[in-house]
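Visitor: Residue numbers (the UniProt record's numbering): 1 to 477.
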């Protein structure tokens, strides 16, 4: 089947879950879209597939530019996009390929109790979480660093530094991507304005699609992997979705401007200024990689702090604060990785790292089954835990969520906050902390069907389903 995506863009269906955008014009590699016919973006309104084609023009790009089933229009790169450049052959890094919320990601905590035991205390728990979790735009955080030394520690040490300062347990780090910190962070590459914003927000949820959700396991698809992960029907879990807040946003802003002015020196032209880039091993590229890694460490410390605040809230409200980390993983990041014989800068923007069984970066207890891949759905719709699989076709990447279908402006026209609260309450979901506009911007109507997205992800061979989680309470900004 061939679908006309734009005046000069055609999609060719290769399998029920894989579509190809042929090379044309300045494209150096093809585009590959993992999706179904039903999940394809509205090609008349959503430019994400044109963005795939534009990313395929970047210097050093290899193999293909990939789009996940939850793909939608983003800044420069599509959200749900994966692209790798060969760093030893002039490959570039593009801040637009990571996005403004550097190291936005998900942490899943497991409580040692069944939902039936929690139900009588659910309202009290949600009140405690609402008190414990700073949220919304601007200032307010679990921990305010005392001057530059502590902020430097966060930027260099991430979740590890937070644990060293008493915010969690060393065992938490065993279940974090990169054990909670990127070693190549360069706090010196982080500008003054980004630092200023970072001092006020470490240990805060933020706004938009960020949330803390209390959930319970409702379905198990793979008993063996679920047992290894500690997922059993009825088990209470907590999913935390947030990133590097204003610090990461400022770093992206600063380096897009810097790379825009640098491209001429390297003979680089791009079809969209939002794809501003520089060779990974240039002065600008190296500075961005160091600053981005520092922001990633900030995001990881952020989730570590919120996880510890969640434990305290559970202890106060339920008398059970012994929550363990299943996994913590970013879905907005660029990393230098070895694939085959090549060193690649793999951009994942709205795409989750999905390491296969046997990968050396996994802790020993997870190595036999693969990395947990955490996929939040829209508010009230449920979430998934997947597992990485061997021979993933997209540099060991998978989807990161349901994928936005409507803009925030469009979403607020589809419902009212009162109606949405009533619908969530009728479904047994307790909501705390959401402003009226913030709630309506995140209405389930604004997102794709997470069940269909996950089925497409599994059908495309990107990951496999392990368990489904249903929400019972949510804290939003």
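Glycine included, each C-beta is placed from N, C-alpha and C at the ideal position.
1. By the 10 Å Cβ neighbour count, where 16 or more other Cβ atoms means buried, how is residue 12 classified, buried or exposed?
2. What are the boundary residues of the alpha helix (DSSP H) that residue 252 is part of?
3. Is the distance from the Cβ of residue 354 to the Cβ of residue 396 below 7 Å?
4. On the three-state DSSP scale, how would you describe residue 72?
5. By how many angstroms is the C-alpha of residue 389 removed from the C-alpha of residue 368?
6. Pull the bridge partners of residue 13 from the DSSP assignment, please.
7. Checking contacts by CB at 7 Å: is residue 319 closer than that to chain C?
8. Using only the alpha-carbon positions, how far apart do residue 372 and residue 350 sit?
9. Please work out which residues of its chain come closer than 8 Å, Cβ to Cβ, to residue 62, disregarding the five sequence neighbours upstream and downstream, and give them in chain order.
10. Using CA coordinates, which residue listed in 424, 346, 403, 393 is at the minimum distance from residue 72?
11. Can you tell me which residues form a DSSP beta bridge with residue 106?
12. Let me make sure I understand the geometry here. Which of 20, 69, 407, 266 has the alpha-carbon closest to that of residue 438?
13. Buried or exposed, going by whether 16 or more other CB atoms sit within 10 Å of the CB of residue 425?
14. Which same chain residues, not among the five before or five after residue 110, have their C-beta less than 6 Å away from its C-beta?
15. Check the DSSP bridge columns for residue 349 and list the partner residues they point to.
16. Roughly how many whole angstroms lie between the Cα atoms of residue 243 and residue 34?
17. By how many angstroms is the C-alpha of residue 41 removed from the C-alpha of residue 1?
18. Within 10 Å of its beta-carbon, does residue 413 have 16 or more other beta-carbons around it, so buried, or fewer, so exposed?
19. Between residue 191 and the rest of its own chain, which residues show a CB-CB distance below 6 Å, the 5 nearest in sequence each way excluded?
20. Residue 247 and residue 197: beta carbons closer than 7 Å?
21. Spatial neighbours of residue 32 within its chain, please: C-beta separation below 8 Å, excluding the five flanking residues on both sides.
22. Could you tell me the alpha carbon to alpha carbon distance between residue 346 and residue 257, rounded to whole angstroms?
23. Can you tell me whether residue 233 is buried or exposed? The criterion is at least 16 other CB atoms within 10 Å of its CB, across all chains shown.
24. Who are the Cβ neighbours of residue 462 in its own chain at under 6 Å, not counting the five residues just before and after it?
25. Could you tell me whether the Cβ atoms of residue 473 and residue 126 are closer together than 7 Å?
26. When you compare only the Cα positions, how much space is there between residue 6 and residue 44?
27. Can you look up residue 200 in the DSSP assignment and give me helix, strand or coil?
28. If you count every other CB in all the chains shown that lies within 10 Å of the CB of residue 554, and 16 or more means buried, which is it?
29. When the Cα atoms are used, what is the spatial distance from residue 467 to residue 219?
30. Please identify the residue among 471, 435, 420 whose C-alpha is closest to the C-alpha of residue 446.
31. For residue 483, which option in 308, 271, 460 has the closest C-alpha, if you only look at C-alpha atoms?
32. Could you tell me the boundaries of the alpha helix (DSSP H) in which residue 306 lies?
33. Does DSSP classify residue 4 as helix, strand or coil?
34. Are residue 330 and residue 469 closer than 7 Å when you measure CB to CB?
35. Rounded to the nearest angstrom, what separates residue 82 and residue 348 at their Cα positions?
36. Nearest CA to the CA of residue 136: which residue from 423, 442, 433?
Guide: Concretely, from the data shown:
1. exposed
2. 245-262
3. yes
4. strand
5. 11 Å
6. 19
7. Here chain C cannot be found, since the structure has a single protein chain.
8. 16 Å
9. 29, 84, 85, 86, 91, 342, 344
10. 403
11. 241, 329
12. 407
13. exposed
14. 230, 237, 324, 326
15. 81, 332
16. 26 Å
17. Low local confidence applies: a pLDDT of 46 at residue 1 is under 50, so the model's placement there is unreliable, with the coordinate-based value given in what follows. Answer to the nearest angstrom: the Cα atoms are 16 Å apart.
18. exposed
19. 254
20. yes
21. 18, 19, 20, 21, 64, 65, 66, 67, 393, 394
22. 22 Å
23. exposed
24. 392, 398
25. yes
26. Residue confidence is low: residue 6 scores 49 on pLDDT, short of 50, so the model does not pin down where it sits. No coordinate-derived value is stated.
27. coil
28. Outside the shown range of the chain (1 to 477) lies residue 554, about which nothing can therefore be said.
29. 5 Å
30. 420
31. Within the shown structure, residues of the chain are numbered from 1 to 477, placing residue 483 beyond reach of any answer.
32. 283-318
33. A caution first: residue 4 carries a pLDDT of 46, below 50, which makes its placement in the model too unreliable to give a value.
34. no
35. 5 Å
36. 433
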